[in-house]
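Residue numbers (our numbering): 73 to 477. Every residue, glycine too, gets a C-beta built ideally from N, C-alpha and C.
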């Protein structure tokens with residue numbers, strides 16, 4: 073009964089007398105839920121003891137960050153970007169302060185875990201900070217840290233960002249044409265996800281430093297991933313490309329397409345207005361938006377497999393797509409009429425947000441497989457972090473769109 077009344081309230085708030093939805097309240101609920109469930113503590117997973125700091129603690133590989141939001145994971149990089157945008161659109165530094173505290177919590181305790189790593193302890197927390205070995209470990213978190221450092225201005229943050237940029241530019245596995253790739257599940261596999269695990273950070277570095285090498289690489293990735301993964305028969309993108317036999321994967325997986333859309337937007341957010349490639353990037357973004365708009369369900373949501381209506385409706389891709397369209401319209405990159413796509417997506421998302429601000433039906437972390445059933449059967453999880461950052465970004469842009477009316 074409570075769920076029914078909540079849905080009725082959402083419906084009324086979005087339709088009665090042409091009023092806009094109470095988007096600000098929804099954004100706050102989602103962001104506040106994250107804050108309330110971030111402990112900023114460490115836990116000994118063996119003894120279950122919890123600590124505010126590692127200072128003075130006995131060395132133990134069992135010590136981990138207690139909260140999932142304090143982990144060094146790419147999804148928390150997206151969450152950071154979303155939190156800072158939320159602070160900006162709401163004019164409330166509580167949310168940017170949260171992100172600053174989160175990275176300070178990590179970096180202020182790194183010495184403890186570095187000592188464990190040097191002692192060759194197994195599975196050390198924050199190990200990826202010390203040894204960057206893949207894009208998941210650095211790209212999205214670096215984009216979030218970049219935004220935090222604009223507020224915090226810390227030398228240790230800058231040192232890490234420099235290491236991360238060097239890794240992406242000079243050490244990450246690539247095809248012969250410079251396209252970012254991975255050694256798994258087969259050597260030289262392209263993952264659509266990697267557009268977001270690289271481009272947002274590269275674009276930020278380009279804007280800050282004025283060094284075109286960052287923009288050049290980011291643009292190359294957009295162009296090449298479009299070349300390898302775009303499917304003209306559907307207007308969608310495949311999740312992956314196998315270099316060994318030059319074939320695409322089996323699925324137009326929703327969130328992987330969402331990563332592409334968000335990465336392209338993040339490039340445009342930072343690319344100079346007079347850049348000679350800007351018009352081309354906008355054209356590619358519009359092609360993707362028109363393509364995925366054809367598959368939007370009448371609920372406003374998109375499916376786990378975009379072109380498979382018998383796959384479940386999934387919220388992380390819906391948040392990503394909603395953000396991309398709303399941002400493009402708000403910035404004047406595309407015709408304002410396209411905002412209808414984002415409005416329907418936002419309505420669909422509102423019906424999937426619980427009264428306490430949790431997002432339902434988020435596909436959990438996903439690898440890839442040659443069997444389409446793999447994507448059909450991926451579980452969903454309440455408030456999985458793969459959806460929260462994108463949801464905040466979508467909400468922030470929808471609020472901007474509503475304020476323009």
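For this session: Check the C-beta distance from residue 252 over to residue 266 and give it rounded, since I have them as a contact under 8 Å.
Result: The residue given as residue 252 occupies position 180 in the chain shown. The residue given as residue 266 occupies position 194 in the chain shown. Cβ atoms of residue 252 and residue 266 come within 8 Å of each other, at about 5 Å.
For this session: Verify whether the separation of the beta carbon atoms of residue 301 and residue 264 is less than 8 Å.
Result: Here residue 301 refers to the residue found at position 229 of the chain shown. Here residue 264 refers to the residue found at position 192 of the chain shown. Closer than 8 Å, so yes.
For this session: Identify whether residue 361 lies in helix, strand or coil by the three-state DSSP scheme.
Result: The residue you call residue 361 lines up with position 289 of the chain shown. For residue 361, the three-state secondary structure derived from DSSP is helix.
Problem set entry | residue 294 and residue 361 closer than 8 Å at C-beta | Here residue 294 refers to the residue found at position 222 when the chain shown is read from its first residue. Here residue 361 refers to the residue found at position 289 when the chain shown is read from its first residue. Against a cut-off of 8 Å, the Cβ pair of residue 361 and residue 294 comes out as no contact.
For this session: Starting from the Cα of residue 285, find the closest Cα among 351, 172, 343 and give me that residue.
Result: Your numbering for residue 285 matches position 213 in the chain shown. Comparing Cα positions, the closest option is 343.
Exercise. What are the boundary residues of the alpha helix (DSSP H) that includes residue 455?
Worked result: Stepping through the chain shown from its first residue, residue 455 is reached at position 383. Per DSSP, residue 455 belongs to no alpha helix (DSSP H) and is neither H nor E.
For this session: Name the one or two DSSP bridge partners that residue 119 has.
Result: The count along the chain shown starts at 1 and reaches residue 119 at position 47. Answer is none; residue 119 lacks a bridge partner.
Problem set entry | residue 386 - partner residues in DSSP beta bridges | For this step, residue 386 is matched to residue 314 along the chain shown. DSSP lists 374 as the bridge partner or partners of residue 386.
Exercise. By DSSP, does residue 314 sit in helix, in strand, or in coil?
Worked result: As a working mapping, residue 314 is identified with position 242 in the chain shown. Judged by DSSP in its simplified three-state form, residue 314 adopts strand.
Problem set entry | Continuous alpha helix (DSSP H) assignments of at least 4 residues falling wholly in the region 278 to 325 | 284 to 301, all fully within the region 278 to 325.
Exercise. Between which two residues does the beta strand (DSSP E) carrying residue 136 extend?
Worked result: Counting from 1 along the chain shown, the entry for residue 136 is found at position 64. Under the DSSP assignment, residue 136 falls in the beta strand (DSSP E) whose first and last residues are 135 to 137.
Exercise. If you count every other CB in all the chains shown that lies within 10 Å of the CB of residue 430, and 16 or more means buried, which is it?
Worked result: For the purposes of this step, residue 430 is taken as residue 358 along the chain shown, with counting starting at 1. Classification for residue 430: buried.
Problem set entry | Proximity below 8 Å, CB of residue 142 to CB of residue 110 | Along the chain shown, one-based indexing puts residue 142 at 70. Along the chain shown, one-based indexing puts residue 110 at 38. In this structure, residue 110 lies closer than 8 Å to residue 142 by Cβ.
Exercise. To the nearest angstrom, how far is it from the Cα of residue 373 to the Cα of residue 386?
Worked result: Locating residue 373 in the chain shown gives position 301, counting from the first residue. Locating residue 386 in the chain shown gives position 314, counting from the first residue. Cα to Cα, residue 373 sits roughly 7 Å from residue 386.
Problem set entry | CB of residue 106 within 8 Å of CB of residue 460, strictly | Within the chain shown, numbered from 1, the residue matching residue 106 stands at position 34. Within the chain shown, numbered from 1, the residue matching residue 460 stands at position 388. Using a Cβ distance threshold of 8 Å, residue 106 and residue 460 count as a contacting pair.
Problem set entry | CA-to-CA distance, residue 329 to residue 147, given in whole angstroms | The sequence position of residue 147 within the chain shown is 75, counting from 1. The sequence position of residue 329 within the chain shown is 257, counting from 1. Looking at the two C-alpha atoms, the distance is approximately 16 Å.
For this session: Going by DSSP, name the residue or residues bridged to residue 434.
Result: Numbered from 1 along the chain shown, position 362 holds the residue referred to as residue 434. Bridge partners of residue 434: 453.
Exercise. Apart from the five residues just before and just after residue 426, which ones in its own chain have a Cβ nearer than 7 Å to its Cβ?
Worked result: Looking up residue 426 in the chain shown gives position 354. 432, listed in sequence order.
Problem set entry | Contact check, residue 155 vs residue 357, beta carbons under 8 Å | Taking the first residue of the chain shown as 1, we reach residue 155 at position 83. Taking the first residue of the chain shown as 1, we reach residue 357 at position 285. No, these two residues do not count as a Cβ contact at 8 Å.
Problem set entry | Where residue 318 falls, given that 16 or more other Cβ within 10 Å makes a residue buried | Against the chain shown, residue 318 aligns to sequence position 246. By the neighbour-count criterion, in which a residue is buried when 16 or more other Cβ atoms sit within 10 angstroms of its Cβ, residue 318 is exposed.
Exercise. Exposed or buried, which one is residue 419 when buried takes at least 16 other CB atoms within 10 Å?
Worked result: Working through the chain shown from its first residue, we reach residue 419 at position 347. When all chains shown are included, residue 419 counts as buried.
Problem set entry | Residue ranges of each alpha helix (DSSP H) within the region 154 to 195, 4 or longer | Counting whole runs of 4 or more residues, the region 154 to 195 contains the alpha helix (DSSP H) stretches 166 to 179, 182 to 190.
Exercise. Nearest-angstrom Cα distance between residue 382 and residue 283?
Worked result: Sequence index remark: in the chain shown, residue 382 carries index 310 (1-based). Sequence index remark: in the chain shown, residue 283 carries index 211 (1-based). Taking the straight line joining both Cα atoms gives about 47 Å.
Problem set entry | Between the CA atoms of residue 368 and residue 415 - distance to the nearest angstrom | In the chain shown, counting from the first residue as 1, residue 415 sits at position 343. In the chain shown, counting from the first residue as 1, residue 368 sits at position 296. Taken atom to atom, the span from the alpha-carbon of residue 415 to that of residue 368 is near 12 Å.
Problem set entry | Reduced DSSP category for residue 331 - H, G, I as helix; E, B as strand; rest coil | By 1-based counting over the chain shown, the position of residue 331 is 259. Helix at residue 331.
For this session: With DSSP as the reference, label residue 246 as helix, strand or coil.
Result: For this step, residue 246 is matched to residue 174 along the chain shown. The DSSP-derived three-state label of residue 246 is strand.
Exercise. In chain order, what residues of the same chain lie with their CB nearer than 6 Å to the CB of residue 470, ignoring the 5 residues before and after it?
Worked result: On the chain shown, position 398 is the one that residue 470 refers to. Once the five neighbours on either side are set aside, the close Cβ partners of residue 470 are 95, 398, 418.
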